[in-house]
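In this note's numbering, the protein residues as written are 39 to 403.
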Ligand code: AMP
């Protein structure tokens with residue numbers, strides 16, 4: 039099939055790398071293509087451009103997206119002409135943190151306590167109700183820890199309000215989580231759902247640095263709890279494709295932080311670590327093909343390369359290391375690649391993982 043992708047970053051690149059062996063071709067709508075330049079046709083325009091959307095609809099059989107800030111109106115306009123998966127409604131629910139949390143709670147998926155903050159008075163009221171510390175986030179367009187600030191004492195309130203520049207916001211109770219997890223799930227055309235094992239994620243300054251799959255000490259009960267949450271979201275939306283649900287583990291409980299209606303950084307390990315990768319299963323889902331198995335053998339770890347990358351030869355000299363560079367120019371804070379390692383046991387992974395992390399940390403900026 040001819041697959042159209044809104045966005046042309048590394049997620050689009052890995053979708054194409056998974057979809058091309060299945061016989062599909064790709065057209066990306068991306069104003070500044072880097073990662074997807076050589077992987078198909080590029081319409082170098084933004085999703086705000088009506089003529090470009092028309093051109094995309096003319097050129098493809100199905101449309102998907104690889105970033106969640108696609109204008110909902112654009113996704114809906116496309117959906118009137120060509121199938122769009124996941125459904126535009128998933129974007130509508132995920133783009134605003136307040137809408138998202140209300141949606142999740144209505145489905146019985148617990149989230150951190152929160153309050154809507156429209157002005158400085160509202161922030162004071164939120165601090166009163168939720169207590170401190172809290173975390174103040176813009177409702178829209180925040181990612182990788184951007185557009186958010188931690189309020190530790192009452193003295194921080196003015197600074198926090200200034201930091202988010204008075205934009206519509208959400209205050210969230212600061213969760214003293216045991217660890218951060220995510221569940222990657224895929225739903226096919228027939229409504230069948232499959233999940234990969236839960237992943238433990240470690241962030242630095244709000245940016246994902248390391249994913250461990252399966253999450254160490256994962257119990258069947260925790261896996262079932264997370265899968266239940268993901269399934270409710272997928273079924274409620276009549277979803278087709280891959281969805282990621284980011285979770286805070288607090289003891290035996292799981293609180294949903296946010297959902298991403300797309301393939302996700304914490305699922306990159308599935309390329310080498312699972313029977314079918316998140317990218318291949320997303321492509322299978324949106325093209326109406328049967329889903330592939332999500333089982334994994336052994337353990338995997340994924341290390342993000344941030345800002346710049348080490349000498350590829352040094353990384354490839356590490357046994358078990360699989361390098362993925364995204365074709366992006368180095369720039370501080372940017373995700374420019376990742377490395378996945380896979381082994382039969384966590385013990386066998388420890389030494390090569392430590393080597394890759396040291397190389398990645400030394401190059402990061
Ligand atoms: P987000 O952009 O919402 O994914 O947040 C980025 C990171 O900030 C998360 O991965 C957590 O490490 C941290 N964080 C976000 N929300 C909270 C919260 N309510 N309590 C504690 N930490 C949080």
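All C-beta atoms in this analysis are idealised placements derived from N, C-alpha and C, irrespective of residue type, glycine included.
Count the other CB atoms, across all protein chains shown, that sit within 10 Å of the CB of residue i; report buried if there are 16 or more and exposed otherwise.
i, result
"residue 320", "buried"
"residue 296", "buried"
"residue 138", "buried"
"residue 233", "buried"
"residue 380", "buried"
"residue 241", "exposed"
"residue 13", "No answer is possible for residue 13: it lies beyond the span of the chain, which begins at 39 and ends at 403."
"residue 166", "exposed"
"residue 45", "buried"
"residue 60", "exposed"
"residue 47", "buried"
"residue 294", "buried"
"residue 383", "exposed"
"residue 214", "exposed"
"residue 191", "exposed"
"residue 175", "buried"
"residue 164", "buried"
"residue 367", "exposed"
Among the candidates the options, whose CA atom is the shortest distance from the CA of residue i?
i, options, result
"residue 261", "285, 244 and 242", "285"
"residue 98", "266, 126, 67 and 294", "67"
"residue 216", "256, 368, 179 and 360", "256"
"residue 177", "131, 225 and 252", "131"
"residue 84", "193, 294, 126 and 43", "43"
"residue 399", "383, 349, 367 and 187", "349"
"residue 57", "318, 324, 342 and 367", "318"
"residue 385", "342, 198, 279 and 338", "338"
"residue 355", "389, 277 and 383", "389"
"residue 147", "207, 271 and 360", "271"
"residue 78", "50, 60, 96 and 100", "50"
"residue 144", "274, 123, 325 and 393", "274"
"residue 244", "214, 370, 393 and 186", "186"
"residue 401", "369, 107, 387 and 332", "369"
"residue 92", "70, 267, 117 and 108", "117"
"residue 62", "313, 324, 141 and 376", "324"
"residue 220", "253, 203, 202 and 173", "253"
"residue 433", "258, 230, 173 and 311", "The chain is shown only over 39 to 403; residue 433 falls outside these bounds and no answer can be derived."
"residue 259", "229, 80 and 290", "290"
"residue 276", "202, 367, 136 and 122", "122"
"residue 52", "203, 307 and 367", "307"
"residue 222", "81, 202, 264 and 229", "264"
Alpha carbon to alpha carbon, what distance is there between residue j and residue i?
i, j, result
"residue 153", "residue 39", "45 Å"
"residue 282", "residue 322", "17 Å"
"residue 195", "residue 189", "6 Å"
"residue 212", "residue 104", "29 Å"
"residue 362", "residue 347", "10 Å"
"residue 250", "residue 239", "7 Å"
"residue 88", "residue 158", "38 Å"
"residue 110", "residue 292", "29 Å"
"residue 102", "residue 193", "45 Å"
"residue 342", "residue 302", "12 Å"
"residue 357", "residue 393", "10 Å"
"residue 134", "residue 351", "42 Å"
"residue 411", "residue 375", "This structure leaves residue 411 out entirely; the chain is present only between 39 and 403."
"residue 280", "residue 287", "22 Å"
"residue 365", "residue 71", "10 Å"
"residue 210", "residue 179", "16 Å"
"residue 141", "residue 128", "10 Å"
"residue 309", "residue 120", "29 Å"
"residue 86", "residue 69", "10 Å"
"residue 151", "residue 168", "7 Å"
"residue 76", "residue 65", "11 Å"
"residue 397", "residue 100", "40 Å"
"residue 316", "residue 387", "22 Å"
"residue 353", "residue 149", "39 Å"
"residue 108", "residue 198", "28 Å"
"residue 96", "residue 162", "51 Å"
"residue 160", "residue 298", "28 Å"
"residue 314", "residue 184", "32 Å"
"residue 228", "residue 328", "9 Å"
Since I believe residue j is in contact with residue i (beta carbons under 8 Å), could you give me their beta-carbon distance rounded to a whole number of angstroms?
i, j, result
"residue 345", "residue 372", "6 Å"
"residue 74", "residue 54", "7 Å"
"residue 226", "residue 278", "7 Å"
"residue 304", "residue 237", "5 Å"
"residue 106", "residue 300", "6 Å"
"residue 114", "residue 126", "5 Å"
"residue 334", "residue 235", "6 Å"
"residue 155", "residue 207", "4 Å"
"residue 378", "residue 360", "5 Å"
"residue 231", "residue 269", "5 Å"
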